[in-house]
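Per my numbering, numbering through the sequence shown is continuous, rising by one, with the last residue being 1060. One structure below.
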Amino acid sequence: MSAGASPASSTTDVDRDYDVAADTDAPPQLSALFLIRFDKKVGYTIAWKRSNVNVELDGAVEYKSLPSGLHTLTSDLVYFVHEGYAGLSAFAKADAGAEERNAQFVSVGILVSREYGRLGRSWLLASRLRQLAETLAEDAEKTGVLEAFWEERRSGGDKSKAGPSKSEGDGNENGKKGRKRALSTLTSVVPSETGLPADHPALSMVKYVEVFGPLVFRLQQAALLRKRILFVGTPPVRTCCEFVYNLSVLSSIPPHAADLLSPGTEALLRLPALFSIGVHDIPELEQLQTQKGTGSTQTGEDIPSQGWVACTTDEIITTKKKLFDIVVKMPETYDAPPQKKVWPIMKTSNGTQIKASQRDLRRWKMLQREMWKQRRSSSDEADEDDQAPLIRPQDEEDDGLDAVVDDIVEPTTWPQLAYNGFMWWASAGEQHSFTTAERDRDRDLLGDLSDYADSLPTAIIAYFHRSTTLLIQNLNGFIERSDDEETEEDDGTLLLDKGDVSRMGLDTWSEADRAFLSDFSWMWYGRVMDVRGTAVDCCGVRIPVF
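In C-alpha cells, the structure reads:
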C-alpha cells in the first residue's frame, strides 16, 4: 500500500489486539491462586494461596484485588498487573453475623502469564472465579473448592510455569527481536467470523464509545503520544478496567503502519495497560516516572516514554501531578438519559481541560449513527432493545446533540465562523466543497459496519486502526516527498498546509490538533513540523485560515 492510500481495506490486523490465540477457547494455566478475606482487626488478608512462580503475593495482591470502595458492592471483577503477570479477581459480599460486622467480604484472585496478551486470556476464567467467590463469601472455610480449582488449572506442562512475555504484555522490548514479536499475528481470522467469549473486555467497546463521546478521539491522540493516562472513578471497577483495555487496543500501531515508522520506536507500538491501581502502587508509578524518556534510538535521540493507561478509585493519586500526564474524571453513572448525560472530564496534569474538536464531534456522531443502524438491523424490536446506544442519532446533519456535548467540545472559532460565512456568501449558499470532501473522507474511513456482521467491537477497532494508519501513511508520504525536494536552505522542518492536516483526519481549525500533529511527528519520526497558515480577503478583512 502506497503512502497516502486509503487504509480502509485493512481489516485483518484487529484479531491480534483481541489478545486471542489459536486455542482461544482454552482457559489459561494458573501461575497463582489466592483467597482474600476481610478481618475486622487487621483488614484484608490472604487467607489461602498457591503459587508455582517466584512472585511475592503478601502485601500486594490484597490491595490490587480490592480497590477502595469495593465494599459498597455485592460483586465486581478487577483486572490488575502484578510483577509482570496479569491478575483478575472476583469480589463477592454476603450477609454475616455481628462478629463480622454483618457482612463477609472475600475476593478470589489469579495470576496468569501474559504470553497471550495484556490479560493472558484471564477473562475465560471470570465465570469460575465469580462462582468461587460467591461460595466462599457464604462460607470462607470451604477452601476445598480452591484446592480443586488449583489442581485443575495449574497443570498443562511448562506453559503453566512460564514467566510473563513482555513483548505481548507490556511492550517493554527494544530492537528488532521486540518488533518481530510485537507485530506477530497469532491467528488470522475473517473479521465477520471473529467471535468474542463471554466476559471478554472488548465487549464493552460500544459502551466505551458512548461513554466518552467525541473525547474518544482526544484519548486516542494522548495514547498515540504514549502519555500516562489515568481514569479516576468510583466502584464498580470492572467497566473502567475494560475501558483501559479498550484504549490500549485502539491505540496500538497496526503492523503495516508500524513498518513506516522510524527505527528505534519498536518499544512504543503498544500502550502498556496497568488496569486497576491504588495508593499502594504509587512507588511503582514513581519508578515508571524515573524511567520516562531514558535510552536512545539508533539516531541518538532520546526514546520517548512508553506511557501507560490505568484506572483508580483512589482520587488521592491525582494530587501527585508528576505521576501522570492526563487524568480523566469518570461520571458516577454511565446510564443517564441523553438530556442529563454527564461526560467524563479530561484534563492535563496541570489542570487544563482537554476538549474534542468540531471534527471529532462530527466523526463521533457518524460513528454513533452507524453503530445504531447496525444494532437496529440486528434486532427485530430495536425500540425495546436494552443494549441500544445511550444516544440515538436522529437526522444526519443535525441530530440534536450539540447542546449535550458543549462542555467537552471546542467552540467554533471566530476565524472559522467568518470563513464559513464568507464561503457561504461567495458560493451563493452552496456547501463548501472542502467541507464536503472532508465529510466524505470521514465516511469512507468509517466504512460499512455491516461488513463485520455481529462483531461491532471488531468494527470499532478496525476503524480506529484505519485512522491511525491514515495518519501515519500521509505523514510518512509527506516526509518522503519533503526529503526528495530538500534544498540547501531547508532546515528539515516539515511545512504542512490546511489540506495536509485535513487529509490526516484532523481538524484544521483546532490548535490542539495541530499541536498533536507536531508532537506525533517529533515522537515517531524525530522531525519538527509546522502548519502554514493561509488567509482569505473578504470585504477588505483578511481572515486567517489554518
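Beta carbons are placed, not taken as given, at the ideal position from N, Cα and C, and that holds for glycine.
Exposure label - residue i; buried when at least 16 CB within 10 Å
i	result
Arg877	buried
Asn864	exposed
Glu999	exposed
Thr972	buried
Asn760	buried
Glu687	Model confidence at Glu687 stands at a pLDDT of 36, short of 50, so the residue's coordinates are unreliable; what they give is reported in the following sentence. Buried, because 16 or more other Cβ atoms sit within 10 Å of the Cβ of Glu687.
Lys555	exposed
Ala606	buried
Thr559	exposed
Gln872	buried
Gln734	buried
Arg889	buried
Residue j beta carbon less than 8 Å from that of residue i
i	j	result
Ile986	Leu774	yes
Thr827	Trp1038	no
Tyr599	Ser545	yes
Phe1034	Ala870	no
Trp1023	Ile922	no
Leu646	Phe663	yes
Val575	Gly601	yes
Ser766	Arg740	no
Thr982	Pro768	yes
Asp503	Leu1009	The requested residue 503 does not occur in the structure, where the chain is confined to residues 515 to 1060.
Leu788	Leu837	no
Leu1031	Val1042	no
Leu802	Met885	no
Pairwise C-alpha distance: residue j and residue i
i	j	result
Pro541	Ser603	15 Å
Leu959	Lys861	28 Å
Lys721	Leu881	12 Å
His794	Thr926	43 Å
Phe978	Asp590	29 Å
Asp849	Lys855	8 Å
Lys578	Asp713	20 Å
Ile993	Phe726	33 Å
Cys825	Trp637	18 Å
Lys563	Glu665	13 Å
Asp874	Arg1017	14 Å
Pro1061	Ala640	There is simply no residue 1061 to check, as the chain begins at 515 and stops at 1060 in what is shown.
Lys887	Asn990	35 Å
Thr808	Ala736	At Thr808 the pLDDT is 45, less than 50, meaning the model places this residue with poor confidence; the figure from the coordinates comes in the next sentence. Straight-line Cα distance between these residues: approximately 20 Å.
Ala771	Thr588	44 Å
Met844	Val823	14 Å
Gln867	Ile859	7 Å
Gly634	Gln543	9 Å
Ala1029	Val841	19 Å
Lys835	Glu1025	24 Å
Asp572	Met719	34 Å
Lys1012	Thr586	52 Å
Gly709	Arg668	27 Å
Leu782	Gln820	6 Å
Ile920	Arg883	The sequence shown places Asp at residue 920, not Ile. Asp920 and Arg883: Cα-Cα distance of roughly 19 Å.
Asp894	Asp839	The predicted position of Asp894 is uncertain, since its pLDDT is 47 and thus under 50; no value can be drawn from it.
Arg1074	Gly1040	Absent from the model: residue 1074. The displayed extent of the chain is 515 to 1060, so no value can be given.
Val569	Arg628	14 Å
Residue i Cβ short of 7 Å to the ligand NAD heavy atom set
i	result
Ile840	Only the bare structure without any ligand can be found here, which leaves the ligand NAD out of the picture.
Cβ-Cβ separation, residue j to residue i (assumed contact under 8 Å), whole Å
i	j	result
Ala716	Val763	7 Å
Glu648	Thr748	At roughly 23 Å, the Cβ-Cβ gap does not stay under 8 Å, so Glu648 and Thr748 are not in contact.
Ser790	Pro581	5 Å
Val626	Leu643	Contact flag wrong, Cβ pair sits at about 11 Å.
Leu584	Val723	Incorrect: roughly 27 Å between the Cβ atoms, too far for contact.
Leu738	Leu660	The pair is not a contact, with the Cβ atoms about 42 Å apart (cut-off 8 Å).
Cβ of residue i within 8 Å of any chain D Cβ
i	result
Phe1030	No chain D appears in the structure shown, which is made up of a single protein chain.
Inset, instruction - Please determine if the segment 739-752 and the segment 830-839 are in contact, where contact requires at least 3 C-beta pairs separated by less than 8 Å. - result: Yes, the segment 739-752 is in contact with the segment 830-839.
Inset, instruction - Report yes or no: do the segment 545-555 and the segment 649-659 share at least 3 C-beta pairs separated by less than 8 Å? - result: Flag = yes, the segment 545-555 and the segment 649-659 touch.
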